[in-house]
Amino acid sequence: MNEEKNLQKWITVATLSVPFLYIFGYAYDQGYLQAYGISNEFFARSLQEYLVFSFFACINIATGALELFTNNTLSFIVFALIVGGIALASVITYKHRIDDRLHSKSVSIKEHRWFDYIFFPVISASFAIVIPFMAITAISTILLVPAIAYFKGKNMAEKEILIAKTCSYSSSQTEECVSLLENGKPIASGKLVARSSTHIALFNQGKTSIYPVKDQLVEVTPPSKKPKENRP
């Protein structure tokens, strides 16, 4: 019985997380495409693709946080102190039964005759401040999470643009480039930015071009695996 309840809880959590992950992946993809100067007009994604994008966005954010902690010792120390403080507080609360003490204390206070005269006016006054604050916090969180994904996707694309190589179709093609061939003849080359069932976007020489997908052959030149020569 308990296993069925736990399974239902996990199913509920997974179901509720899908819209969140969808928005996260959508914002990440939008930021990535915007950095290349295009939108998803020709590159609409499916639900599954946006969920995959959200996974990669989370991985990139985690990697960025790890790089920050690696390069900035102070940030790592602050983060470790926060996590350690939360863990220590949890252990102290559990060992000393602070939650039970607070519960018994609250019961004794509730039974006091002045409780009704003090508690309800204080709660009413608090709600006048807390509810707007909670609403602003909730709205900010809802807007902040997609914003993080958007700027992370944009940042990833900007890094790719900085190191992008000039692509040209020849007997020795540039590595990491895609070439479109029509009737055996090259019509375009560049870094693959996005592709859908109807269009393909290539970045080359500082600009992004969108081509309709017809009866074209897509050729990809992978990175070279040859060891670099040791120069004196």
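Numbering follows our numbering, with no gaps: position 81 of the sequence shown is 83. C-beta: ideal position from N, C-alpha, C; glycine also.
When burial is assigned at 16 or more other CB atoms within 10 Å of the CB, is residue i buried or exposed?
| i | result |
| --- | --- |
| Leu146 | exposed |
| Tyr96 | exposed |
| Phe22 | exposed |
| Ile40 | buried |
| Asn232 | Annotation note: pLDDT 46 at Asn232 (below 50); position unreliable, no value reported. |
| Asp217 | exposed |
| Lys156 | buried |
| Lys209 | exposed |
| Val20 | exposed |
| Leu35 | buried |
| Phe135 | exposed |
Compute the beta-carbon to beta-carbon distance between residue i and residue j, rounded to the nearest angstrom, for a pair I have assumed lies under 8 Å.
| i | j | result |
| --- | --- | --- |
| Ile212 | Ala203 | 5 Å |
| Gly27 | Leu53 | 6 Å |
| Ser198 | Ala91 | Ser198 to Ala91, Cβ: 50 Å. No contact. |
| Asn206 | Gly192 | 3 Å |
Note the first and the last residue of the continuous alpha helix (DSSP H) segment covering residue i.
| i | result |
| --- | --- |
| Thr210 | Segment Lys209 to Pro214 is the beta strand (DSSP E) holding Thr210; no alpha helix (DSSP H) there. |
| Cys169 | Per DSSP, Cys169 belongs to no alpha helix (DSSP H) and is neither H nor E. |
| Ile88 | Thr75 to Lys97 |
Can you grab the Cα-Cα spacing for the pair residue i / residue j, in whole Å?
| i | j | result |
| --- | --- | --- |
| Glu51 | Ser181 | 24 Å |
| Thr72 | Gly86 | 18 Å |
| Cys169 | Ala149 | 32 Å |
| Cys179 | Ala159 | 16 Å |
| Ile94 | Leu83 | 16 Å |
| Ile163 | Thr143 | 30 Å |
| Lys230 | Thr139 | The pLDDT assigned to Lys230 is 49, lower than 50, so where the model puts this residue is not dependable; a value taken from the coordinates is nonetheless given after this. Cα to Cα, Lys230 sits roughly 53 Å from Thr139. |
| Thr17 | Tyr171 | 47 Å |
| Lys161 | Asn42 | 20 Å |
| Leu183 | Leu194 | 14 Å |
| Leu219 | Ala64 | 37 Å |
| Phe253 | Gln32 | Because the chain in this structure spans residues 3 to 234, residue 253 falls outside the shown range and cannot be described. |
Under DSSP, the beta strand (DSSP E) around residue i begins and ends at which residues?
| i | result |
| --- | --- |
| Glu184 | Cys179 to Glu184 |
| Ala196 | Lys187 to Arg197 |
| Ile202 | His201 to Asn206 |
Quick one: which unbroken beta strand (DSSP E) runs of 3-plus residues sit fully inside the segment 15 to 69? Chain order, please.
none
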